[in-house]
Amino acid sequence: MATETLTLGKALNTGLRRALETDPKVIIMGEDVGKLGGVFRITDGLQKDFGDQRVIDTPLAESGIIGTAVGLAIRGYRPVCEIQFDGFVYPAYDQIVSQVAKMHYRSGGRLSIPMVIRIPFGGGIGAVEHHSESPEAYFAHTAGLKVVTCSNPQDAYVMIQQAIASDDPIVFLEPKRRYWEKGQVDLDAPLSDAYPLHAARVVRPGTDVTLLAYGPMVRTCLEAATAAAEDGRELEVIDLRTLSPLDLAAAYESVKRTGRAVVVHEAPSNIGLGAELAARITEECFYSLESPVLRVTGFDTPYPAARVEEEYLPDLDRVLDAVDRTFGW
Amino acid sequence: MAKGDPGGTTRSRRPAPRSKKGAAGSPELVQLLTPDGERIDSATGPDGTEYRVDFTDEEYRGLYRDLVMVRKLDAEATALQRQGELGLWASLLGQEAAQVGSGRALRTQDMAFPTYREHGVLYCRGIDPIMPLGLFRGVDQGGWDPNEFKFNMYTIVIGAQTLHATGYAMGITMDGKIGTDDGEAAIAYFGDGATSQGDVNEAFVWASVFNAPLVFFCQNNQYAISEPLERQTRVPLYQRAAGFGFPGVRVDGNDVLASYAVTRTALDNARHGQGPSLIEAYTYRMGAHTTSDDPTRYRIASEVESWQAKDPITRVKAFLDKQQIADAAFFAEVDEQARRESVHLRERVLNMPNPEPVTMFDHVYPNGSPLLDEQRATFNRYMESFEGSAH
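Same order as they appear, the protein sequences are chains R and L. Throughout the first sequence, residue numbering follows our numbering, covering 1 to 329 in sequence. Throughout the second sequence, residue numbering follows our numbering, covering 1001 to 1391 in sequence.
Here it is as structure tokens:
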């Protein structure tokens, strides 16, 4: 078994390479994805090996990237579109919401748009504005789209291939501040045996409080759980992985045992994923709850200047503060 | 149908052919049939391309039949909306020649990306004219198979489909289906208002830099709902193509022959690897934008009358008559067929069943969704709770 230590970014790159090898209809398109290999180098070396017909440097217009990818999908291709940064996806929003998401429905199931839209998302890299946003709720709210995000190199490698192989249009959110973090990746396990794409996973078992997170916040929650264990509290951490559709079976089971749930995400709280999670957990686990479901999130401000993003982003202390508060009811 | 290709059998008795550069008063306009039904043998586009058609009498009569049919079916749909049987209708009245000319210029393998007004092109693609009426009646979202008929779904968001057409055309190139007579091309339909959209301009950029086998077919019907052309542009629309690096041509959109000729040439150039081009079909929306619109609020009667004199069907009829290509019996027979088919259309629309409510959950995702499964089940239980009650 070939298990290698890879960064999350390299795991994505390897997964993309595998997808290009597996299916000649897979194409990669976006700004600077060719010679440069993408601004985060996620497509590094792919144009060199697969040619500029399959790894396509596009003009600098996001709606054009997604709109032409729709046409390519109708033609039978499987486009993997890179949006360079979260804050630059909005020019493509109409094509994503009104065309990508609805084409299958409008055509009565006759057309499918097997497209993956890769978006590096979230903060923590000291960037200027528009480079640190968490737009997942916009897409998770849209019928016809599926939304997933990975939190570690192994998932990155597998999930990107699963997303490309799926006939559903999928927004694939990449936790950009975790691109350089390393982990073990099993490169040989067949995709057919892999953990399902649209399934959450318990990444740390615990008995006292359930932490629900995804993408960049999974590691933050794991660190919080380690710290809490030193204080004698066992936090269960669930990596949601799929934001639309949500897979909450593990969360319900967990909260029924712990009686306490804290949702953690970088995006602002108002009308965010945490609100949906709190509502659904409350409906399903009402008689087991010892406390309301709490949220630890970014604030309802535009993403702030980089020098204060540490205070904006949920961190270990804010997570533990919320954990403490669940015992205050 | 491959109309207009040289080699037909029965030639009409035409007067000595003459050539001219454009039409009187509009030197930029490619025209092969004047509003009076006078045939122009060839016309030259702004880049020197010479346009001509060489139809048999049978083909001329076929084009006339198409024009009459699409106008009659369109009028029937407007009437159905007025009687409350359709929620909305976007009439093509006045634009029949642009649509039939370009629609018949498509070869079987070519793919069209329409707006919501391309009923004439849809008809030429062999799609049952009832199909779009399901959308406007509200019983479905469209209904035909885009790949079977090589005619995509109607697109209501203005200009969005031009990018789809561009991507599709890029796919044609990637599939190696260009460079030969049986190569493929795509055509994107849009209007004058759409030319202000970012998507259309992005499509121009993409098609240009990827040399996509694509024809941009803009029906300039002079109005974007109430806003006149002057609110969209200060240059003739076809001239925009030059800035993007491909040819543009303005054609008399009320002339079915010229619309056919320029579209056929542009498509064939595209399929042979010569890249995209823009056709501005200069026409006029004789009716309202849709049945919800009141054009008397923003345009004057004399303007409409001046365009009535350029009617796309009258001129073909005059030509057929003058050249004795068709007689009174033919015209009567076409009218009768149109009447019959519109009655048939009406009957079928009235009999369109409403969909089962639970079908709203179908086809959201190719692979389904547990969330929707749950909502569908809840909905079914809720609906079943009414069974046996009077409500």
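C-beta atoms are modelled at their ideal positions from N, C-alpha and C, and glycine is treated no differently. Note that the structure is predicted; figures quoted are calculated from it, not measured.
In angstroms, rounded to a whole number, what distance separates the CA positions of residue i and residue j?
i	j	result
residue 149 of chain R	residue 106 of chain R	27 angstroms
residue 1339 of chain L	residue 1332 of chain L	10 angstroms
residue 1374 of chain L	residue 261 of chain R	23 angstroms
residue 1130 of chain L	residue 16 of chain R	44 angstroms
residue 1307 of chain L	residue 1154 of chain L	27 angstroms
residue 292 of chain R	residue 212 of chain R	14 angstroms
residue 1073 of chain L	residue 1353 of chain L	20 angstroms
residue 1291 of chain L	residue 1138 of chain L	15 angstroms
residue 1071 of chain L	residue 1386 of chain L	45 angstroms
residue 282 of chain R	residue 251 of chain R	11 angstroms
residue 228 of chain R	residue 1161 of chain L	54 angstroms
residue 219 of chain R	residue 1105 of chain L	60 angstroms
residue 1213 of chain L	residue 165 of chain R	28 angstroms
residue 126 of chain R	residue 249 of chain R	36 angstroms
residue 1378 of chain L	residue 1351 of chain L	30 angstroms
residue 24 of chain R	residue 156 of chain R	21 angstroms
residue 950 of chain L	residue 309 of chain R	The requested residue 950 of chain L is not part of the displayed model; chain L covers only 1001 to 1391.
residue 146 of chain R	residue 87 of chain R	19 angstroms
residue 1177 of chain L	residue 1211 of chain L	13 angstroms
As a quick exercise: from the options, pick the residue whose alpha carbon is nearest that of residue i.
i	options	result
residue 1313 of chain L	L:1283, L:1300, L:1081, L:1125	L:1283
residue 1293 of chain L	L:1071, L:1087, L:1254, L:1063	L:1087
residue 1169 of chain L	L:1122, L:1131, L:1113, L:1120	L:1113
residue 1341 of chain L	L:1149, L:1099, L:1065	L:1065
residue 1067 of chain L	L:1381, L:1384, L:1196, L:1257	L:1257
residue 1247 of chain L	L:1216, L:1382, L:1225, L:1368	L:1216
residue 320 of chain R	R:201, R:226, R:312	R:226
residue 134 of chain R	R:310, R:318, R:302	R:302
residue 1118 of chain L	L:1276, L:1102, L:1107	L:1102
residue 1355 of chain L	L:1387, L:1185, L:1142, L:1051	L:1142
residue 198 of chain R	R:159, R:32, R:304	R:159
residue 234 of chain R	R:209, R:115, R:123, R:271	R:209
residue 1037 of chain L	L:1309, L:1173, L:1369, L:1157	L:1309
residue 167 of chain R	R:13, R:8, R:116, R:315	R:116
residue 328 of chain R	R:259, R:311, R:279	R:259
residue 37 of chain R	R:306, R:9, R:22, R:18	R:9
residue 315 of chain R	R:264, R:119, R:110, R:175	R:264
residue 1335 of chain L	L:1322, L:1347, L:1317, L:1209	L:1317
residue 1311 of chain L	L:1147, L:1255, L:1203	L:1255
residue 1122 of chain L	L:1219, L:1389, L:1144, L:1244	L:1144
residue 253 of chain R	R:70, R:194, R:201, R:74	R:201
Counting only the same chain and skipping the five closest in sequence on each side, list residues whose C-beta sits under 7 angstroms from that of residue i.
i	result
residue 1024 of chain L	With a pLDDT of 41 at residue 1024 of chain L, under the threshold of 50, the predicted position of this residue should be treated as unreliable, though the coordinate-derived value follows. Correct list: empty, nothing qualifies.
residue 256 of chain R	285, 288
residue 205 of chain R	236
residue 1199 of chain L	1159, 1160, 1162, 1163
residue 131 of chain R	85, 87
How far does the beta strand (DSSP E) with residue i in it extend, from its first residue to its last?
i	result
residue 193 of chain R	No beta strand (DSSP E) holds residue 193 of chain R; DSSP gives it neither H nor E.
residue 150 of chain R	No beta strand (DSSP E) contains residue 150 of chain R, which DSSP labels as neither H nor E.
residue 1132 of chain L	Where residue 1132 of chain L is concerned, there is no enclosing beta strand (DSSP E), although the alpha helix (DSSP H) it sits in stretches over 1131 to 1137.
residue 265 of chain R	261 to 268
residue 1188 of chain L	1186 to 1191
residue 1140 of chain L	Element bounds for residue 1140 of chain L: n/a, residue is neither H nor E.
residue 1367 of chain L	Looking at the DSSP string, residue 1367 of chain L is not in any beta strand (DSSP E), and its letter there is neither H nor E.
residue 79 of chain R	78 to 82
Assign residue i to buried or exposed, taking buried as 16 or more other Cβ atoms, counted over all protein chains shown, within 10 Å of its Cβ.
i	result
residue 1039 of chain L	buried
residue 1327 of chain L	exposed
residue 192 of chain R	exposed
residue 1383 of chain L	exposed
residue 28 of chain R	buried
residue 242 of chain R	buried
residue 1084 of chain L	exposed
residue 1345 of chain L	buried
residue 122 of chain R	buried
Excluding the 5 residues flanking residue i on each side, which residues of the same chain have their C-beta closer than 6 angstroms to its C-beta?
i	result
residue 203 of chain R	237, 239
residue 1007 of chain L	Note that residue 1007 of chain L scores 37 on pLDDT, short of 50, meaning its location in the model is unreliable and no value can be drawn from it.
Can you tell me where the alpha helix (DSSP H) holding residue i begins and where it ends?
i	result
residue 1147 of chain L	1146 to 1149
residue 47 of chain R	46 to 50
residue 57 of chain R	It is not in any alpha helix (DSSP H) - residue 57 of chain R instead sits in the beta strand (DSSP E) that spans 55 to 57.
residue 176 of chain R	Where residue 176 of chain R is concerned, there is no enclosing alpha helix (DSSP H), given that its DSSP letter is neither H nor E.
residue 106 of chain R	103 to 106
residue 213 of chain R	Per DSSP, residue 213 of chain R belongs to no alpha helix (DSSP H); it is in the beta strand (DSSP E), 209 to 213.
In chain order, what residues of the same chain have a beta carbon less than 8 angstroms from the beta carbon of residue i, not counting five sequence neighbours either side?
i	result
residue 1372 of chain L	1361, 1364, 1365
residue 137 of chain R	267, 271, 272, 273
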